[in-house]
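In our numbering, the protein residues as written are 410 to 879.
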């Protein structure tokens, strides 16, 4: 299967291609055209031209187009989910969730823009009528990562289309197949030419061209903190808005009054979902010493119950990681000098084809080890004990990241203290709960701006103040 770039409502080849592999088998399944800087520039100009038309459409006119796209997506769900599974190795349930998040984001935002109310502002002297007006910001340039190709697309495409913005998206060259099938369906809907453009290519070539252009009004990204920093460095060719969801180093605090069985199930379930390739996955698990041994025992049993995708035995499924390179980096984390603890289970490559790693539990990890200082992004769960005299909230905050934190306790005062002291954009207490209407974003080096919820729309609008003399 040859995958082309989608630029100005045309599917175009590149001067070279990038191979795409199935992580379950390690075999090549397709190749995607690699966009050049000139391709990026063409896509941005197409979006700029289209913004003059699409941005003028009424909410109802945009809704009609988006509703048609949603219908086409739903009608093609089986094909798209299969493409997702081929390129990511996801379980069926996770691939289905990935797909449906795109559909849900499109539907959510086309309704949410109806409630993006302007306001009138009182005039203290009574001599003016003052009110606010919103208009689409213009061209959105989005750089998306590979872990949830369609969810990530939905987080950006949903508010862009609903608000009247046009867009250029860099799709990961590791996982282009499902996203470019979405582009084919977009092309079947009567959006103005150039409203949505999707390209793949070498990261530095494409991201530098997008960030360095003066056309985008909003640069948005889901990716690593390092990639976000490089994007910022290249962007000052013009004044641009930035909305960045970057790396995470999520702490988990399990106190001795927690519902231990529920906590273990929640933590292990989130850690091993999508093979740990989730920006909000637990990265540093701190367990009160009074329940530490029980936690380790229960986590070990649950983690060893996972089967690999494709196996016929019963039990929850563990998918592969996305590439050989990433698998090797994860195996490096299991070297003793990287964690300074004890591997309880796992720690090795699975004895099967593809990019599978064993579900790995490591106890007594050193708090200052390399494993606890970097985003793992794989099925490795480091666990450390803490005591009553530890300032565990300060320990949890001892990271440059600030995306998500998790707390398990029955103590309301402790939960409220966590809300006050933890320096993270998402603080989840007694359940790892995420939903479309809830804002998602980080603090510190995990970025700024919000994805999902009504707050995300603010980045996609310019605000005007109007005053009329009475």
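Glycine included, C-beta positions come from ideal geometry on N, C-alpha and C.
Secondary structure of residue i, DSSP reduced to three states
i: residue 497; result: helix
i: residue 503; result: helix
i: residue 669; result: helix
i: residue 712; result: helix
i: residue 658; result: coil
i: residue 440; result: strand
i: residue 754; result: strand
i: residue 435; result: coil
i: residue 858; result: coil
i: residue 759; result: coil
i: residue 508; result: helix
i: residue 451; result: helix
i: residue 551; result: strand
i: residue 847; result: coil
i: residue 693; result: strand
i: residue 663; result: strand
Same chain, Cβ closer than 6 Å to residue i, neighbours up to 5 away in sequence not counted
i: residue 582; result: 427, 441, 609
i: residue 863; result: 521
i: residue 577; result: 452, 453, 456, 550, 606
i: residue 692; result: 658, 659, 785
i: residue 631; result: 553, 554, 561, 654
i: residue 849; result: 860, 861
Cutoff 7 Å: residue i Cβ touching any chain B Cβ
i: residue 458; result: As a matter of chain content, chain B is missing from the structure shown, which is built from one protein chain.
Span of the beta strand (DSSP E), counted from its first residue to its last, around residue i
i: residue 607; result: 605 to 608
i: residue 871; result: 870 to 878
i: residue 576; result: 575 to 579
i: residue 815; result: 813 to 817
i: residue 542; result: 537 to 545
i: residue 836; result: 835 to 838
i: residue 826; result: Note, residue 826: premise wrong, no beta strand (DSSP E); alpha helix (DSSP H) at 821 to 830.
7 Å CB neighbourhood of residue i in its chain, flanking five on each side removed
i: residue 877; result: 537, 538
i: residue 761; result: 717
i: residue 832; result: 806, 811, 852, 853
i: residue 620; result: 628, 640, 643, 644
i: residue 846; result: 862
i: residue 416; result: 448, 451, 452, 455, 606, 608
Alpha helix (DSSP H) segment containing residue i, residue limits
i: residue 588; result: 586 to 596
i: residue 739; result: 733 to 742
i: residue 567; result: 558 to 572
i: residue 747; result: 745 to 748
i: residue 472; result: 468 to 484
i: residue 617; result: 612 to 621
i: residue 806; result: 801 to 806
i: residue 769; result: No alpha helix (DSSP H) contains residue 769, which is instead part of the beta strand (DSSP E) from 769 to 772.
i: residue 641; result: 634 to 643
i: residue 646; result: From DSSP, residue 646 is part of no alpha helix (DSSP H); its letter is neither H nor E.
Own chain partners of residue i with C-beta closer than 8 Å, once the 5 adjacent residues on each side are dropped
i: residue 488; result: 590
i: residue 751; result: 771, 772, 773
i: residue 873; result: 541, 542, 543, 544
i: residue 796; result: 697, 698
i: residue 700; result: 663, 665, 667, 669
i: residue 503; result: 682, 683, 728
Alpha carbon of residue i to alpha carbon of residue j, nearest angstrom
i: residue 851; j: residue 811; result: 5 Å
i: residue 478; j: residue 667; result: 45 Å
i: residue 669; j: residue 443; result: 49 Å
i: residue 470; j: residue 569; result: 15 Å
i: residue 419; j: residue 482; result: 19 Å
i: residue 694; j: residue 661; result: 5 Å
i: residue 764; j: residue 739; result: 11 Å
i: residue 542; j: residue 531; result: 15 Å
i: residue 435; j: residue 491; result: 17 Å
i: residue 553; j: residue 720; result: 31 Å
i: residue 799; j: residue 658; result: 20 Å
i: residue 814; j: residue 724; result: 28 Å
i: residue 837; j: residue 574; result: 32 Å
i: residue 709; j: residue 753; result: 7 Å
i: residue 472; j: residue 513; result: 14 Å
i: residue 794; j: residue 737; result: 28 Å
i: residue 637; j: residue 486; result: 32 Å
i: residue 593; j: residue 817; result: 45 Å
i: residue 465; j: residue 547; result: 11 Å
i: residue 505; j: residue 534; result: 57 Å
i: residue 867; j: residue 527; result: 12 Å
i: residue 869; j: residue 468; result: 14 Å
i: residue 412; j: residue 586; result: 7 Å
i: residue 461; j: residue 602; result: 11 Å
message: I want to know whether the stretch 599 to 606 touches the stretch 430 to 444 - three or more CB-CB distances under 8 Å.
response: no
task: Would you be able to state if there are at least three C-beta pairs under 8 Å between the stretch 796 to 807 and the stretch 642 to 655?
output: no
message: Across the stretch 545 to 564 and the stretch 486 to 501, are there enough close Cβ pairs to call them in contact, namely three or more that are closer than 8 Å?
response: yes
- request: Inspect the CB distances between the stretch 684 to 694 and the stretch 778 to 791 and report whether three or more fall short of 8 Å.
  value: yes
query: Using 8 Å as the threshold, is the stretch 450 to 464 in touch with the stretch 622 to 637, meaning 3 or more CB pairs across them?
result: yes
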